[in-house]
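What follows is one structure encoded as structure tokens, with my remarks underneath.
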Amino acid sequence: MADTVRVEIWSDVVCPWCYIGKRRFERALAELHGEIEVEVVYRPYQLDPTAPLGTATPVSEVYAKKFGGPERAQQIFEHVTRIADDEGLDFRLDRALRANTRDAHRLLWFAEQQGGPVVQGAVKEQLLRAYFTDGLDVGDREVLADTAAEAGLDRAEVAAFLDGVDGTAEVDHDLRTAHERGITAVPTYVIDDAWAVPGAQEPDTFVQVIRRMVAKRDERAAEGPGG
Numbered sequence: 011m012a013d014t015v016r017v018e019i020w021s022d023v024v025c026p027w028c029y030i031g032k033r034r035f036e037r038a039l040a041e042l043h044g045e046i047e048v049e050v051v052y053r054p055y056q057l058d059p060t061a062p063l064g065t066a067t068p069v070s071e072v073y074a075k076k077f078g079g080p081e082r083a084q085q086i087f088e089h090v091t092r093i094a095d096d097e098g099l100d101f102r103l104d105r106a107l108r109a110n111t112r113d114a115h116r117l118l119w120f121a122e123q124q125g126g127p128v129v130q131g132a133v134k135e136q137l138l139r140a141y142f143t144d145g146l147d148v149g150d151r152e153v154l155a156d157t158a159a160e161a162g163l164d165r166a167e168v169a170a171f172l173d174g175v176d177g178t179a180e181v182d183h184d185l186r187t188a189h190e191r192g193i194t195a196v197p198t199y200v201i202d203d204a205w206a207v208p209g210a211q212e213p214d215t216f217v218q219v220i221r222r223m224v225a226k227r228d229e230r231a232a233e234g235p236g237g
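Numbering (my numbering), first residue to last: 11 to 237.
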């Protein structure tokens, strides 16, 4: 019987390294298949919580202001796009739009409630693709409903959910938890609520950390309560 671990991934749907890290982590899970069963749950983090709603500003403009001009912004885009390409991802950052991701995180909470980690993971993938490849505004509720439907959720139910307030308190709680845990960058992978691995690590690093975590846990279990 395979060992089981739970990994909470704190990330944002507008974070390029979160998408790159997702692919690398998936490769690690493929290597661990049959040896260790890993349950993956996504938790919210907002890189740009002050992003306005209803205003679709190109990310290229935001980066140019933040990093000292359009040339520097283009250099950053080209660098991260090359790395994404190595992971089989099609980044079109020239299309990307600045977005407030609060509702996107509410949607991910809803997806987990509806279908557990598997459905949540499917929605996460669609959201990342919508932002990085399709150039869609993932702060727009219509876009979010369409994206959720592509992942298999009922569009009308999602639209009704987004128009309400459900999930807001839970997302706020998780955002506070991230702050309390000292998570200041994403992605961050928290394994069995014990070990935190920051950054889009290579697959081998994830594999080694998870195996080490399971080995230590098994050692403690073998020692018993008096060990």
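For each residue, glycine too, the CB sits at the ideal point set by N, CA and C.
**Study point:** beta strand (DSSP E) runs wholly inside the segment 41–109, at least 3 long, in chain order
**Key:** 46–54, all fully within the segment 41–109.
**Study point:** Between the CA atoms of residue 235 and residue 198 - distance to the nearest angstrom
**Key:** Each residue's alpha carbon lies about 31 Å from the other.
Check your understanding: Going by C-alpha distance, which of 69, 99, 46, 146 is nearest residue 114?
Key -> Measuring from the Cα of residue 114, the nearest candidate turns out to be 146.
Practice item. Given a cut-off of 8 Å, decide if residue 172 and residue 116 are closer than it, judged by their beta-carbon atoms. Key: Contact flag set, yes.
Check your understanding: What's the gap between the Cα of residue 119 and the Cα of residue 228?
Key -> Roughly 31 Å between the two C-alpha positions.
Practice item. Just mark residue 80 as buried or exposed, buried being the case when its beta carbon has 16 or more other beta carbons within 10 Å. Key: So residue 80 ends up on the exposed side.
Check your understanding: Where residue 205 and residue 223 are concerned, what is the direct C-alpha to C-alpha distance, given to the nearest angstrom?
Key -> So the two alpha carbons sit approximately 8 Å from each other.
Point to revise | Beta-bridge partners of residue 213, as assigned by DSSP | key: BP columns for residue 213 are empty, so no partner.
Check your understanding: Of the residues 166, 91, 15, which one's Cα is nearest the Cα of residue 104?
Key -> Proximity to residue 104 across 166, 91, 15 peaks at 91, based on C-alpha coordinates.
Review point. Alpha carbon to alpha carbon, how far is residue 65 from residue 74?
Key: Between residue 65 and residue 74, the C-alpha separation is close to 17 Å.
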